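Engineer:
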Amino acid sequence: MYFPYLRGKQFELIALRELCALFPQDLSKISPIIEPVKASSTLNSTLAELANRNANFNLIINPRVGDLEGQYEKIIQIITSSIPADYSNYQLAVIVDSKTEGSIAALIEFLNALDLNYKGISLIHKTELNSQNIELLNNQLNIVYNVIYFSKTSRRYYREFEANTLVSLDDYFEEQSRNADYLNQESDFSKEYRFYILDGFVGFSDFLTIGDNYSESGFLPRAVAIHLSYLENDQIKIKHFVSDSNEDVSDIGGKFSEAINKLVIWCNEKNLNTAAIIEFRDLQERGHFPGLGTLKKLSIMNHIELIINNI
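What the sequence shown shows, in the working numbering, is residues 5 to 315, in sequence order.
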């Protein structure tokens, strides 16, 4: 099963919501991890749509970025107002890091006091717990998934947990400091979709074509970059399509046109067709610039569809 890790920003959530409608028969293959960063109508409608489609998901109750950091009660309020009381096909997710480590008992008490009808708990391990805390969590909570962030833990840490709960997580996106630095580049992403079962995991997770780095900034870029996942020789790779007129921040629509023209020509040569690529072609044919957020949405949708089609 695939566990795409998304921050709850507007276009990440819209991508999930639209995928529910596009691939209702494939929702059993994914279980999104959502780290909510802002209370919004988009977050509410996305959670409601996931529940409406009987899609399993993981909602983080202790986000480490955004406006909802430390806002436990507000997140619970979002859950109760968005998800029907009788819906249980989801996990509350908890980030395990240095902040969590010293408050395990309080965390358990908080979770056990909740009057919510959920499936169980997903722990997102961004640091290593000691054996005593692991035992305490296992005894006091119904742990459905242990999501192990491999870049943050030792190679053997995952062996502390039951195999039927294990999900691997890592950041495979090779981020550049500027969009222009992606010009004429492509990069390897991962082969986890092929090997996670052989490696003893029930699922795998990544940060898609966004990466783990979180930013609130909304400044205009000098270059427009579109990141497109594709499969080549069993390797998921990322092709980067970047505008050429990158001297200043003027004419973002023109920069988009330069980038999307490159994307459409390349996809036609490769005969690639996902729902997102079809929409990219339509935008290019109409000469319509939908805004930078839509580019991120389509990149996310393409990545998830690629994995859905190959697991």
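All C-beta atoms in this analysis are idealised placements derived from N, C-alpha and C, irrespective of residue type, glycine included.
Source: prediction; values computed, not measured.
On the DSSP bridge assignment, give the partners of Ala97 in chain order.
Structural biologist: Ala97 pairs with Ile64 and Ser126.
Engineer: Helix or strand or just coil, what does DSSP make of Tyr6?
Structural biologist: In this structure, Tyr6 counts as strand in the three-state DSSP scheme.
Engineer: Around the C-beta of His129, are 16 or more other C-beta atoms found within 10 angstroms, so that it is buried, or is it exposed?
Structural biologist: Burial call: buried.
Engineer: Tell me which same chain residues have a C-beta within less than 6 Å of the C-beta of Asp101, skipping the five on either side of it?
Structural biologist: The residues are Lys130 and Thr131.
Engineer: Decide yes or no for the touch test of the segment 43-60 against the segment 6-23: beta carbon pairs closer than 8 Å, at least 3 of them.
Structural biologist: As far as the Cβ criterion goes, the segment 43-60 touches the segment 6-23, which means the pair count is three or higher.
Engineer: Are the segment 207-224 and the segment 261-277 in contact at 8 Å, needing three or more beta carbon pairs?
Structural biologist: Contact between the segment 207-224 and the segment 261-277 is absent, because fewer than three Cβ pairs lie under 8 Å.
Engineer: Taking Gln239 as part of the alpha helix (DSSP H), name the residues at either end of that continuous run.
Structural biologist: Unbroken run through Gln239 is the beta strand (DSSP E), Gln239 to Val246; no alpha helix (DSSP H).
Engineer: Taking contact to mean 3 or more Cβ pairs, one atom from each stretch, closer than 8 Å, check whether the segment 18-26 and the segment 178-194 are in contact.
Structural biologist: No, the segment 18-26 does not touch the segment 178-194.
Engineer: Compute the beta-carbon to beta-carbon distance between Ser155 and Asp174, rounded to the nearest angstrom, for a pair I have assumed lies under 8 Å.
Structural biologist: 6 Å between Cβ atoms; contact.
Engineer: Suppose you measure from the CA of Leu145 to the CA of Ile38; what does that come to, to the nearest Å?
Structural biologist: Looking at the two C-alpha atoms, the distance is approximately 20 Å.
Engineer: Would you mind stating whether Ser35 and Ala55 have Cβ atoms separated by less than 9 Å?
Structural biologist: Not a contact, by the Cβ cut-off of 9 Å.
Engineer: If you follow the alpha helix (DSSP H) that Phe347 is part of, which residue opens it and which one closes it?
Structural biologist: Lying outside 5 to 315, the shown extent of the chain, residue 347 is not represented and no answer is given.
Engineer: In the DSSP assignment, the beta strand (DSSP E) including Gly207 goes from what residue to what residue?
Structural biologist: Gly207 -> beta strand (DSSP E) spans Gly207 to Asp210.
Engineer: Does the separation of the CB atoms of Leu96 and Ile138 fall below 9 Å?
Structural biologist: No.
Engineer: Answer yes or no: do Tyr9 and Tyr197 have a C-beta to C-beta separation smaller than 9 Å?
Structural biologist: In this structure, Tyr197 does not lie closer than 9 Å to Tyr9 by Cβ.
Engineer: In terms of residue numbering, what span does the beta strand (DSSP E) encompassing Asp192 cover?
Structural biologist: Start and end: Glu190 to Ser194.
Engineer: Skipping 5 residues on each side, what residues in its chain have a beta carbon closer than 6 Å to that of Ile230?
Structural biologist: Taken in chain order, the residues that qualify are Phe245, Ala263, Leu267 and Leu299.
Engineer: What three-state label does DSSP hand Leu133 in the structure shown?
Structural biologist: In this structure, Leu133 counts as coil in the three-state DSSP scheme.
Engineer: Please return the same chain residues whose Cβ sits closer than 7 Å to the Cβ of Lys243, not counting the five positions on each side in sequence.
Structural biologist: Same-chain partners within the cutoff: Glu190, Leu232, Tyr234 and Trp270.
Engineer: Taking the alpha-carbon positions, what's the Glu77 to Ala52 distance?
Structural biologist: Cα to Cα, Glu77 sits roughly 19 Å from Ala52.
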